[in-house]
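Asks:
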Amino acid sequence: MQGNLSIRDLHVAIEDRLILKGVNLELGRGQSHALMGPYGSGKSTLANVLMGNPFYQVVKGEVLYNEEDLLAMAPDERARKGLFIAFQYPVAIPGVTMASFLRTAVSGRRGYEKELMPIAEFQKQLKAKLAIAQLDMSIVGRYVNEGFSGGEKKRAEILQMAMLEPEFAIMDETDSGLDIDGVRIVSEGINKLFEDAKGNMGILLITHYSRILHYIKPTQVHVIHDGRVVVSGGPELAEELEQVGYEKIKEQHEVISSEVEEVGAVRRAGKVFWVQH
Ligand SMILES: Nc1ncnc2c1ncn2[C@@H]1O[C@H](COP(=O)(O)OP(=O)(O)OP(=O)(O)O)[C@@H](O)[C@H]1O
Ligand SMILES: [Mg+2]
23 MQGNLSIRDL
33 HVAIEDRLIL
43 KGVNLELGRG
53 QSHALMGPYG
63 SGKSTLANVL
73 MGNPFYQVVK
83 GEVLYNEEDL
93 LAMAPDERAR
103 KGLFIAFQYP
113 VAIPGVTMAS
123 FLRTAVSGRR
133 GYEKELMPIA
143 EFQKQLKAKL
153 AIAQLDMSIV
163 GRYVNEGFSG
173 GEKKRAEILQ
183 MAMLEPEFAI
193 MDETDSGLDI
203 DGVRIVSEGI
213 NKLFEDAKGN
223 MGILLITHYS
233 RILHYIKPTQ
243 VHVIHDGRVV
253 VSGGPELAEE
263 LEQVGYEKIK
273 EQHEVISSEV
283 EEVGAVRRAG
293 KVFWVQH
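For the sequence shown, our numbering assigns the number 23 to the initial residue and increments by one for each residue that follows.
(1) Just checking my contact of N70 with A114 at CB under 8 Å: how many whole Å lie between their CB atoms?
(2) With distances taken from each beta carbon to the nearest heavy atom of ligand 2, which residues come in below 7 Å, in chain order?
(3) Looking at the structure shown, is N70 part of a helix, part of a strand, or coil, going by DSSP?
(4) Going along the chain, which residues of its own chain have a beta-carbon closer than 6 Å to the beta-carbon of L86, five neighbours each way excluded?
(5) If you follow the beta strand (DSSP E) that M58 is part of, which residue opens it and which one closes it?
(6) What residue from P116, G133, E37, F216 has the CA that sits closest to F170's CA?
(7) Please state whether DSSP places I225 in a helix, a strand or coil.
(8) Have a look at I278 and G44 and give me their C-alpha separation to the nearest angstrom.
(9) Apart from the five residues on each side of it in sequence, which residues of its chain come closer than 7 Å, Cβ to Cβ, to K176?
(10) Could you tell me if the beta carbon of F77 falls within a distance shorter than 7 Å of some heavy atom in ligand 1?
(11) Let me check you understand the geometry: is the CB of S63 closer than 7 Å to at least one non-hydrogen atom of ligand 1?
(12) Smallest Cα separation from R125: which of H33, Q265, A184?
(13) Less than 7 Å between the CB of H230 and some heavy atom of ligand 1, yes or no?
(14) Based on Cα-Cα distance, which residue from E210, L47, S54 lies nearest to L72?
(15) For ligand 1, is there any heavy atom lying closer than 7 Å to the beta carbon of I36?
(16) Using DSSP bridges, identify the partner residues of K270.
(17) Where does F303 fall in DSSP's three states?
(18) Measuring from the CB of I41, is there a heavy atom of ligand 1 at a distance below 7 Å?
(19) So who's on the other strand from D194, going by DSSP bridges?
(20) Buried or exposed, going by whether 16 or more other CB atoms sit within 10 Å of the CB of I141?
(21) Taking buried to mean at least 16 other C-beta atoms within 10 Å of its own C-beta, is E179 buried or exposed?
(22) Looking at the unbroken alpha helix (DSSP H) that takes in L42, where does it start and where does it end?
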């Protein structure tokens, strides 16, 4: 079955340096996938491109989201259509409270065009979702991510995800900077949302470490190295990586690294795409 996110031969550059060099991933409906890989291998670059960050230039390849051309959609359209990304480094938005941020985002996602979702309904949902993220009401009066501890930031992302009920969620290092309890709380939150969605939500979990995968069992694990997915396998691949490290992966990479690496050559060889806004 075709995935609700199909990434095909994706090449992405930053200022003429090729970062993603032909990523292929088929992320099926209702499945959870883990993307692992060493520092600087291109994991966050992929997350940024999927959300439409214009800094990252798509030079070749395509991404289909529910069979539609994702790269042609503006970032807000992607969000309205249920794509959600929890970034590795969530930014603070001084002056904007969590309550107002969430109400605006949720209203967009639920199809309210000009007005916002009624306050009573919003508060009812908020109460239920705060419990999932294990946060209390005091967080919603604070400015988005301003002065949040590492753990609060990650839980605030879970709250946002719970409110938005995404169709596809990309979590970039949601486990980083968390203590053991934090990893458990965040994982339980993700698992609950995934189960509640009853097969209607896909997940791409980006991580360095297999520890979060002790709580969240992925359908498949993919390993990215130097801008390419070099190995895919079942959950046991994460355990194997823990033992052998990424060195073994690098050996496998040698086999396929003889391709074109220069952006100009990629542009000449293939169709050129730029993220449109
Ligand atoms: N905004 C940016 N400006 C300049 N270079 C960037 C930017 N974003 C990514 N890069 C470069 O692209 C490469 C891939 O970075 P990326 O952040 O995608 O790696 P990653 O796999 O997420 O690493 P980590 O595990 O450390 O989070 C790196 O060499 C990085 O320096
Ligand atoms: Mg990263």
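A virtual CB, placed ideally from N, CA and C, is assigned to each residue, including glycine.
Replies: Looking at the atomic coordinates:
(1) Translated into the one-based positions of the sequence shown, residue 70 becomes position 48. Translated into the one-based positions of the sequence shown, residue 114 becomes position 92. With a Cβ gap of about 18 Å, N70 and A114 do not count as contacting.
(2) The answer, residue by residue, is K65, S66, Q110, D194, E195, I228.
(3) Along the sequence shown, one-based indexing puts residue 70 at 48. Note: N70 maps to helix in three-state DSSP.
(4) Counting from one through the sequence shown, the residue named residue 86 turns up at place 64. Closer than 6 Å at the Cβ level, and outside the excluded window around L86, lie S28.
(5) By one-based count along the sequence shown, residue 58 stands at place 36. Unbroken beta strand (DSSP E) run through M58: 54-58.
(6) Residue 170 sits at position 148 when you count from the first residue of the sequence shown. Here the closest residue by C-alpha is P116.
(7) Stepping through the sequence shown from its first residue, residue 225 is reached at position 203. I225: strand per DSSP, three-state reduction.
(8) What you label residue 278 is simply residue 256 of the sequence shown in a count that begins at 1. What you label residue 44 is simply residue 22 of the sequence shown in a count that begins at 1. Confidence at I278 is low in this model, with a pLDDT of 45, below 50, so its placement is unreliable and the value that follows should be read with caution. Spanning the two alpha carbons is a distance of roughly 11 Å.
(9) Counting from one through the sequence shown, the residue named residue 176 turns up at place 154. Closer than 7 Å at Cβ, skipping near neighbours: T196, L200, G204, V208.
(10) The residue labelled residue 77 in the question sits at position 55 within the sequence shown. Yes, since a heavy atom of ligand 1 falls inside the 7 Å radius drawn around the Cβ of F77.
(11) One-based indexing of the sequence shown puts residue 63 at position 41. Answer for S63: yes, Cβ within range of ligand 1.
(12) Counting from one through the sequence shown, the residue named residue 125 turns up at place 103. Residue A184 is the option with its Cα nearest to R125.
(13) Locating residue 230 in the sequence shown gives position 208, where the first residue counts as 1. Yes, ligand 1 has a heavy atom inside 7 Å of this Cβ.
(14) In the sequence shown, residue 72 corresponds to position 50, counting from 1. When only C-alpha atoms are compared, the closest one is L47.
(15) Locating residue 36 in the sequence shown gives position 14, counting from the first residue. Within the cutoff, so yes.
(16) Walking along the sequence shown from the start, residue 270 turns up at place 248. K270 is not bridged to any residue.
(17) Because the chain in this structure spans residues 23 to 299, residue 303 falls outside the shown range and cannot be described.
(18) Taking the first residue of the sequence shown as 1, we reach residue 41 at position 19. I41: yes, Cβ under 7 Å from ligand 1.
(19) The residue labelled residue 194 in the question sits at position 172 within the sequence shown. Bridge partners of D194: I228.
(20) Here residue 141 is taken as the residue at index 119 of the sequence shown, counted from 1. The residue is exposed, with fewer than 16 neighbouring Cβ atoms inside 10 Å.
(21) What you label residue 179 is simply residue 157 of the sequence shown in a count that begins at 1. Buried: at least 16 other Cβ atoms inside 10 Å.
(22) Sequence index remark: in the sequence shown, residue 42 carries index 20 (1-based). Per DSSP, L42 belongs to no alpha helix (DSSP H); it is in the beta strand (DSSP E), 39-49.
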